[in-house]
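Quick note: the sequence shown uses our numbering, first residue 26, plus one each step. Each residue gets a CB set at the ideal place from its N, CA and C atoms; glycine is no exception. What follows is a single structure, written as structure tokens, with notes after it.
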Amino acid sequence: MKCVFVVVFTLSLILAVSTSVRSVNDTNYFESQTRIINGNDAASGQFPYYVRITIFEVYLGSCGGIILAPDWILTAGHCVKGESGVYSLFIIEAGFVNVLPLPGLLLVSVPTQTASAMPLVSQGAVYPHPAYDIPTRMNDIALIKTILPLNLNGQFAKAVALPLDSYTVADTYANKMATVCGFGLTGNVGSGATTPTNLKYTALKIIPYSTCQEIYGVEPIPSTSFCGVDDTPPISSVCSGDSGGPIVLTINNVVTVIGVVSYASWDGCNAKPQVFTDILKFLRWIHERMET
26 MKCVFVVVFT LSLILAVSTS VRSVNDTNYF ESQTRIINGN DAASGQFPYY VRITIFEVYL
86 GSCGGIILAP DWILTAGHCV KGESGVYSLF IIEAGFVNVL PLPGLLLVSV PTQTASAMPL
146 VSQGAVYPHP AYDIPTRMND IALIKTILPL NLNGQFAKAV ALPLDSYTVA DTYANKMATV
206 CGFGLTGNVG SGATTPTNLK YTALKIIPYS TCQEIYGVEP IPSTSFCGVD DTPPISSVCS
266 GDSGGPIVLT INNVVTVIGV VSYASWDGCN AKPQVFTDIL KFLRWIHERM ET
């Protein structure tokens, strides 16, 4: 079983509730809650390509996302599609790193003064990969086209570079340190974790696919994915709610998004390597979809 990552509940355009979670798959409830465990606080403008996606359907959840262009957001397939079909209404928030805690576990976004607007998205502009498979997380990737473009003229919201199609995980990424970011609790459920008021980030080492599969044993890792892990205590990791967010690597002095947060282990988010959809395997689909 895979631990699905869409679990910060939202009440309005700017309210989110960090309580118990429900899977984006409509039918399954998961014990994990959203967090980057043992992460660091992000500074304003440090991750300008990160967005929070609020999903106003089924359970009012949120995911991370990645700015590719003013009107195109990359995220995970399970953030936009469940057993009941493709979700139909989203809010995209960009350009902020802070939330304000309110009584009742509510979180209010605190945008920077140049933060982007929060455009609505209709179902016709939501594109999960046509081969996305819910049970296995194969092809766990999606694109969202916003009705209104994001304002990318300031320093707090910007597009990120996609990898070149000449790169491969084996010869470019393996054993390198990549960076992930997201909102959420700071530990596993039952550990006394608290809800952070700042966007969190951490570094993970990318490991060979064969090594990751050996660690997971009989549970198959999707062939469209790669894995990252922190092997130096205190162990940090992504977890539920960080789904759809970016994992980036600086390649030739260019910050490049190489993967999309997909899932972590049922045994605990920092118990095994985390799994990311490999963007390299979807470059042609991404470019063709954005050109239509």
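Boundaries of the beta strand (DSSP E) in which Ile240 is found, first to last residue: For Ile240, no beta strand (DSSP E) encloses it; the enclosing alpha helix (DSSP H) starts and ends at Tyr234 to Tyr241.
Which residues does DSSP list as the beta-bridge partners of Val280? DSSP lists Thr275 as partners of Val280.
Segment contact flag, the region 87–107 with the region 262–280, C-beta cutoff 8 Å, min 3 pairs: They touch, by the three-pair rule.
Could you spell out the range, first to last residue, of the alpha helix (DSSP H) harbouring Trp310? That run of the alpha helix (DSSP H) goes Leu308 to Glu316.
How would you write the range of the beta strand (DSSP E) that Lys170 sits in, first residue to last? Counted as a single uninterrupted DSSP element, the beta strand (DSSP E) harbouring Lys170 occupies residues Ala167 to Lys170.
Could you tell me the alpha carbon to alpha carbon distance between Gln138 and Thr79, rounded to whole angstroms? Only weak support exists for where Gln138 lies, its pLDDT of 49 falling under 50; the coordinates are left without a value.
Segment contact, 8 Å Cβ cut-off, at least three pairs: the region 233–248 with the region 63–74: No, they do not touch.
Candidates Leu93, Ser287, Trp310 and Leu308: closest to Thr161 by CA position: Taking only the C-alpha atoms, the option nearest Thr161 is Ser287.
Among Leu99, Ile283 and Gly149, the one whose alpha carbon lies nearest that of Gly110: Gly110 has its Cα closest to that of Gly149, out of Leu99, Ile283 and Gly149.
Beta-bridge partners of Ile117, as assigned by DSSP: Answer is Ile78.
The region 275–283 contacting the region 163–178, beta-carbon criterion three pairs below 8 Å: Because the criterion of three Cβ pairs below 8 Å is not met, the region 275–283 and the region 163–178 do not touch.
Going by beta-carbon coordinates alone, are Leu308 and Leu187 separated by less than 8 Å? Contact check for Leu308 against Leu187 passes: the beta carbons are separated by less than 8 Å.
For the pair the region 174–183 and the region 298–312, tell me if three or more CB-CB distances fall below 8 Å. These segments do not touch.
Buried versus exposed call for Ala203 [16 or more other C-beta atoms within 10 Å across all chains shown]: Answer is buried; the Cβ neighbour count reaches 16.
Length of the line joining the Cα atoms of Cys252 and Phe115: Each residue's Cα considered, the two are about 28 Å apart.
Length of the line joining the Cα atoms of Lys170 and Gly102: Cα-Cα distance, rounded: 14 Å.
Terminal residues of the beta strand (DSSP E) in which Tyr152 lies: From DSSP, the beta strand (DSSP E) with Tyr152 extends over Val151 to Pro153.
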